[in-house]
Every structure is written in C-alpha cells, then in structure tokens.
Amino acid sequence: MHIEKLVSMANDIADFFNAESDKEIAAEGVKKHIQRSWDPRMRKAIVKYYQDSGEGLSPLAADAVKKLMEMG
Numbered sequence: 044m045h046i047e048k049l050v051s052m053a054n055d056i057a058d059f060f061n062a063e064s065d066k067e068i069a070a071e072g073v074k075k076h077i078q079r080s081w082d083p084r085m086r087k088a089i090v091k092y093y094q095d096s097g098e099g100l101s102p103l104a105a106d107a108v109k110k111l112m113e114m115g
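Residue numbers for the sequence shown follow our numbering, so the first one is 44 and each next one is one higher.
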C-alpha cells in the first residue's frame with residue numbers, strides 16, 4: 044500500500060475522532076483504531092513515515108502515530 048493512502052486513511056480516522064474536545068482522548072482513540080484495524084506492515088510504514096517527515100499527517104493523526112511509535 045502506498046504511503047499516501049496510509050496518510051489519507053490516518054487523517055480520515057483523525058477527522059472522525061476530532062469531534063472529541065479532549066485531544067488527548069482523541070489521539071488515543073485514533074491510536075487504538077490503528078492498532079486494532081491496521082495490518083502490522085501498515086502500522087510499521089506509517090510510523091516510519093512519521094519518523095522521516097510525517098508531512099501531510101494532520102496534527103491529531105501525527106500525535107496518534109507518535110503514541111503508536113512510543114509503545115513499540
């Protein structure tokens with residue numbers, strides 16, 4: 044899967060959770076969704092992309108990917 048598609052998917056998930064006023068809870072929701080729903084290769088690719096530049100990720104999506112990265 045192309046990284047552009049993963050970025051778009053992460054941003055779409057973040058758009059859904061963005062309605063949550065507490066952005067920490069929203070980022071946790073995005074992270075959990077990615078953990079549950081994405082194949083390990085997809086998770087690894089988005090983390091690597093975030094580490095390289097993260098360009099195009101919304102702030103909420105980037106925060107969620109950072110949390111995903113921090114958990115190992």
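Glycine included, C-beta positions come from ideal geometry on N, C-alpha and C. As the structure is a computational prediction, the values presented were derived from the model and not from experiment.
Round the Cβ separation of residue i and residue j to the nearest angstrom and send it over; I've been treating them as touching at under 8 angstroms.
{"i": "Tyr-93", "j": "Ala-105", "result": "6 angstroms"}
What is the rounded straight-line gap between the Cα of residue i and the Cα of residue j?
{"i": "His-45", "j": "Met-52", "result": "11 angstroms"}
{"i": "Asp-95", "j": "Ile-89", "result": "10 angstroms"}
{"i": "Asp-58", "j": "Ala-70", "result": "11 angstroms"}
{"i": "Arg-79", "j": "Glu-47", "result": "20 angstroms"}
{"i": "Leu-103", "j": "Lys-66", "result": "7 angstroms"}
{"i": "Ala-62", "j": "Lys-75", "result": "16 angstroms"}
Helix or strand or just coil, what does DSSP make of residue i?
{"i": "Gly-97", "result": "coil"}
{"i": "Ala-62", "result": "coil"}
{"i": "His-76", "result": "helix"}
{"i": "Met-44", "result": "coil"}
Can you find a CB in chain D that lies within less than 7 angstroms of the CB of residue i?
{"i": "Ile-77", "result": "Looking at the structure shown, chain D is missing, and only one protein chain is on hand."}
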